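Right, one structure below, let's go through it.
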Amino acid sequence: MKLNFEFDSFEPPVLREQDLREILEKRQLIKRALMLTLASALIHICLALLALYLSLHSLPAALVCLFFLGVSLLNSGIAAVLFTRKMMNVIPY
Amino acid sequence: MSLYASWMILVVMGLFLILPVMIGVYVYRDSESRGMNAPLWTLIAVLGPAFVGLIIYLIVRSEGGSLKCPQCQYPVTDKYALCPNCGASLKHRCRGCGNPLEPSWRQCPSCGLSVPDDQRSPVVERPADRGLGKILIAVILIPLLIMGLLVGGLVTFRSSISSSVGSVDGMRIEDYADMPVVSGWLKESDQLGDGIYVLEYEYPREGDWAKVSYLIYRKGLTSMTNVSVGSSSLGLFKGPALDVTYNDFESPSELDYHLYQVDYSADKVPRLVIQVNGQEASYRQTISAEPLSFSEASMGSHEASNLYEARTPYLGNASAVVNLIDRTGLPRFGPYTIELQTKEEPFGLRIFFEASLETFGQQDRAYAIILLGLIENLSYVEIIGSDGTQSITIQEASEELGYDVKEFGQSPGKLAEYLKSLY
Chain S
70 MKLNFEFDSF
80 EPPVLREQDL
90 REILEKRQLI
100 KRALMLTLAS
110 ALIHICLALL
120 ALYLSLHSLP
130 AALVCLFFLG
140 VSLLNSGIAA
150 VLFTRKMMNV
160 IPY
Chain Z
56 MSLYASWMIL
66 VVMGLFLILP
76 VMIGVYVYRD
86 SESRGMNAPL
96 WTLIAVLGPA
106 FVGLIIYLIV
116 RSEGGSLKCP
126 QCQYPVTDKY
136 ALCPNCGASL
146 KHRCRGCGNP
156 LEPSWRQCPS
166 CGLSVPDDQR
176 SPVVERPADR
186 GLGKILIAVI
196 LIPLLIMGLL
206 VGGLVTFRSS
216 ISSSVGSVDG
226 MRIEDYADMP
236 VVSGWLKESD
246 QLGDGIYVLE
256 YEYPREGDWA
266 KVSYLIYRKG
276 LTSMTNVSVG
286 SSSLGLFKGP
296 ALDVTYNDFE
306 SPSELDYHLY
316 QVDYSADKVP
326 RLVIQVNGQE
336 ASYRQTISAE
346 PLSFSEASMG
356 SHEASNLYEA
366 RTPYLGNASA
376 VVNLIDRTGL
386 PRFGPYTIEL
396 QTKEEPFGLR
406 IFFEASLETF
416 GQQDRAYAII
426 LLGLIENLSY
436 VEIIGSDGTQ
446 SITIQEASEE
456 LGYDVKEFGQ
466 SPGKLAEYLK
476 SLY
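Residue numbers (the working numbering), protein chains in the order written: chain S, 70 to 162; chain Z, 56 to 478.
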């Protein structure tokens with residue numbers, strides 16, 4: 070097995086500011102989307118805790134909160150599925 | 056719902072509302088500067104559940120928005136070759152044909168000339184999107200803050216099941232002779248045979264405070280028994296429990312029954328749990344329409360023996376002094392600390408309450424007199440509240456009683472007599 074690498078026989082990929090800028094923006098977008106997804110999970114946990122807290126004082130209020138949590142989770146799921154199917158090409162990686 | 060809980064829920068709701076407002080303001084401004092349909096995208100971002108709308112907006116928003124002409128700061132888009140206000144060139148031009156070039160092009164689509172690297176950078180730089188950074192920090196921190204508040208609220212709730220328990224042990228059936236409801240219930244229970252019977256009376260609620268009295272009749276005892284009572288929580292949903300625990304001894308009992316009265320006050324009516332020798336016991340419960348109270352004479356003798364048992368010869372025995380104070384009605388003023396003046400005579404006891412002594416009455420003064428009688432070397436008592444001090448010396452107490460106050464410490468009879476005179 071040849072272990073030597075001939076650097077002179079290959080041309081390294083050309084780095085251009087614009088390309089790097091685009092990669093940076095895409096990575097930033099992914100990072101932001103991940104942060105928002107994490108925030109979304111935290112908000113759902115908060116709603117569950119709020120429902121638990123409300124149940125100590127008012128059961129109807131707790132049920133309303135649980136209903137809102139269920140609707141929110143359902144909508145998030147539907148939106149995530151639709152978004153993944155229709156618009157995943159917007160995020161290249 | 057308590058004031059604390061109402062405030063907590065209001066704060067949490069307020070924090071929940073801050074997020075959509077921040078997101079709405081950001082998306083409206085940003086989409087407007089990019090020439091997008093600002094009201095529509097604001098609605099999508101705000102109403103989209105759990106930030107899905109904002110994620111979609113960030114992905115689909117046009118990339119060239121929020122640009123400004125480097126010369127006159129007029130808003131432009133990445134489609135413009137010239138500033139419509141000052142005419143400054145916003146794009147590089149092909150050196151062959153003068154056609155405006157996009158930064159991503161490697162060759163001019165008009166004449167085919169290669170685009171050099173120095174012409175592949177945008178003329179108009181996009182400003183950093185700082186508002187989004189703040190929103191991203193807020194959407195992480197605010198839910199964490201809400202979680203902290205709610206967890207704190209739940210923990211506080213669990214530890215604040217405030218209750219007070221008062222109990223009277225060793226009652227006799229004769230003590231309830233003048234109460235037809237109780238004596239009738241006792242007779243009925245006797246006919247049913249050995250077992251545990253509970254007569255419950257729930258007092259009308261006073262605000263958020265519930266008070267319940269239980270009379271527990273354990274029939275068929277063969278040995279002496281010791282009973283203790285305490286309150287606990289069965290969990291967040293089941294509420295408080297009142298635990299009554301019997302521990303039987305080997306020694307034989309002179310009576311074949313045990314009567315025990317418990318008065319319980321708390322924000323919720325508890326579930327009564329009775330344990331006999333470590334095992335939960337079943338009982339038969341009857342609801343009474345009348346309050347359960349035994350004759351005042353009995354009350355005086357029971358309270359007297361309870362106080363007499365806690366007497367102490369030395370003021371320096373702080374735990375015994377606290378035990379005695381706890382058996383009086385003085386703890387009704389709330390948490391307290393004591394200071395013992397034992398360096399030189401006259402020895403004194405100072406009780407400090409955080410609360411006001413506005414409602415300090417004759418009964419409370421009587422408790423101070425009892426303390427003087429039951430702590431042998433005590434010469435004066437000072438009760439200090441947030442708004443004043445009440446004090447009494449051994450001489451004043453003896454003058455008020457007409458005999459030596461220290462006689463309380465010699466036999467429970469004198470103390471019982473004094474207590475009866477108070478009712």
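Positions of the beta carbon are idealized from the N, C-alpha and C atoms, including for glycine. Being a predicted model, the structure only gives us computed values, none of them experimental.
Who are the near neighbours of residue i in its chain, counting only those whose CB is closer than 7 Å to its CB and skipping five residues on each side?
{"i": "A117 of chain S", "result": "L138"}
{"i": "S442 of chain Z", "result": "According to the sequence as given, residue 442 of chain Z is Asp; it is not Ser. So the list reads S411, L412 and E413, once near-sequence residues are dropped."}
{"i": "R175 of chain Z", "result": "P158"}
{"i": "A131 of chain S", "result": "A120, L123 and S124"}
{"i": "F402 of chain Z", "result": "L370, Q396, N432, L433 and S434"}
{"i": "A359 of chain Z", "result": "P467, L470, A471 and L474"}
{"i": "L70 of chain Z", "result": "I197, L200 and I201"}
{"i": "I449 of chain Z", "result": "L427, S434, Y435 and V460"}
{"i": "P390 of chain Z", "result": "E409"}
{"i": "N302 of chain Z", "result": "T280, N281 and N332"}
Can you check DSSP and say which residues form a bridge with residue i?
{"i": "F79 of chain S", "result": "Answer by DSSP bridge pairing: none, since F79 of chain S is not bridged."}
{"i": "I73 of chain Z", "result": "According to DSSP, which records beta bridges pairwise, I73 of chain Z is partnered with nothing at all."}
{"i": "A265 of chain Z", "result": "Z:A321"}
{"i": "E472 of chain Z", "result": "Looking at the DSSP assignment, E472 of chain Z forms no beta bridge with any residue, so it has no partner."}
{"i": "V253 of chain Z", "result": "Z:I271 and Z:Q340"}
{"i": "G443 of chain Z", "result": "Z:G440"}
{"i": "M226 of chain Z", "result": "Z:L314"}
{"i": "T448 of chain Z", "result": "Z:Y435"}
{"i": "T18 of chain Z", "result": "Coverage of chain Z is limited to positions 56 through 478, which leaves residue 18 of chain Z absent and any answer about it impossible."}
Give every residue of the same chain whose Cβ lies closer than 8 Å to the Cβ of residue i, excluding the five residues on either side of it in the sequence, and list them in chain order.
{"i": "L168 of chain Z", "result": "C149, R150, G151, C152 and Q162"}
{"i": "S214 of chain Z", "result": "Low local confidence applies: a pLDDT of 48 at S214 of chain Z is under 50, so the model's placement there is unreliable, with the coordinate-based value given in what follows. There are no such residues."}
{"i": "Y258 of chain Z", "result": "A265, K266, V267, S268 and P346"}
{"i": "R382 of chain Z", "result": "N361, L362 and A365"}
{"i": "L142 of chain S", "result": "H113"}
So, under 8 Å CB-CB, residue i and residue j are touching, yes? Tell me the CB distance rounded to an integer number of Å.
{"i": "P198 of chain Z", "j": "L111 of chain S", "result": "4 Å"}
{"i": "Y363 of chain Z", "j": "M226 of chain Z", "result": "That pair is no contact at about 17 Å."}
{"i": "L205 of chain Z", "j": "V67 of chain Z", "result": "7 Å"}
{"i": "I342 of chain Z", "j": "E437 of chain Z", "result": "Not a contact, Cβ separation roughly 46 Å."}
{"i": "I447 of chain Z", "j": "I424 of chain Z", "result": "6 Å"}
{"i": "L74 of chain Z", "j": "M104 of chain S", "result": "The pair is not a contact, with the Cβ atoms about 13 Å apart (cut-off 8 Å)."}
{"i": "V131 of chain Z", "j": "C138 of chain Z", "result": "6 Å"}
{"i": "A136 of chain Z", "j": "K123 of chain Z", "result": "Wrong, their Cβ atoms sit about 16 Å apart, outside the cutoff."}
{"i": "I228 of chain Z", "j": "L241 of chain Z", "result": "6 Å"}
{"i": "I114 of chain Z", "j": "G108 of chain Z", "result": "Incorrect: roughly 11 Å between the Cβ atoms, too far for contact."}
{"i": "D172 of chain Z", "j": "R154 of chain S", "result": "D172 of chain Z to R154 of chain S, Cβ: 39 Å. No contact."}
{"i": "G186 of chain Z", "j": "Y81 of chain Z", "result": "5 Å"}
Near residue i, what residues of its chain come up, given a Cβ to Cβ distance below 6 Å and the 5 sequence neighbours on each side ignored?
{"i": "S480 of chain Z", "result": "With chain Z represented from 56 up to 478, any question about residue 480 of chain Z goes unanswered, as that position is not in the structure."}
{"i": "M279 of chain Z", "result": "F304, S306 and S308"}
{"i": "L135 of chain S", "result": "A120"}
{"i": "M63 of chain Z", "result": "G208"}
{"i": "V328 of chain Z", "result": "A296 and D298"}
{"i": "R339 of chain Z", "result": "Y252"}
{"i": "R273 of chain Z", "result": "I251 and H313"}
{"i": "C127 of chain Z", "result": "N140 and C141"}
{"i": "V236 of chain Z", "result": "S343 and E345"}
{"i": "E394 of chain Z", "result": "R405"}
Closer than 7 Å, Cβ to any Cβ of chain S: which residues of the segment 161 to 176 of chain Z, in chain order? D172, R175 and S176
Give, in chain order, every unbroken run of the beta strand (DSSP E) that is at least 3 residues long and sits entirely within the segment 273 to 335 of chain Z. 278 to 288, 295 to 307, 312 to 321 and 326 to 331
Using a Cβ-Cβ cut-off of less than 9 Å, give me the residues of the segment 106 to 124 of chain S that come near chain Z, in sequence order. Answer set for the segment 106 to 124 of chain S: T106, L107, A108, S109, A110, L111, I112, H113, I114, C115, L116, L118, L119, L121, Y122, L123 and S124.
For the segment 98 to 169 of chain Z, which segments carrying the alpha helix (DSSP H) assignment without a break, of at least 4 residues, lie completely within its bounds, in sequence order? 107 to 115
Below 9 Å between beta carbons is the criterion; list the residues of the segment 88 to 111 of chain Z that meet it against any residue of chain B, in chain order. No chain B appears in this structure, whose protein chains are S and Z.
Taking beta-carbon pairs under 8 Å, can you tell me which members of the segment 225 to 257 of chain Z lie near chain S? The segment 225 to 257 of chain Z vs chain S, Cβ under 8 Å: nothing.
Please give me, in chain order, every unbroken run of the alpha helix (DSSP H) with length at least 4 that falls completely inside the segment 370 to 437 of chain Z. Qualifying alpha helix (DSSP H) stretches, in chain order: 373 to 382 and 417 to 429.
If contact means a Cβ-Cβ distance below 8 Å, which residues of the segment 395 to 422 of chain Z contact chain S? none
Could you run through the segment 179 to 212 of chain Z and flag, in chain order, every residue whose CB is less than 8 Å away from some CB of chain S? L187, L191, V194, I195, P198, L199, I201, M202, L205, V206, G208, L209 and F212
Can you give me, in chain order, the residues of the segment 133 to 146 of chain S that have a beta carbon less than 7 Å from any beta carbon in chain Z? S141, N144 and S145
Scan the segment 71 to 157 of chain S and note each continuous alpha helix (DSSP H) run of 4 residues or more that stays entirely inside, going in chain order. 86 to 126 and 128 to 156
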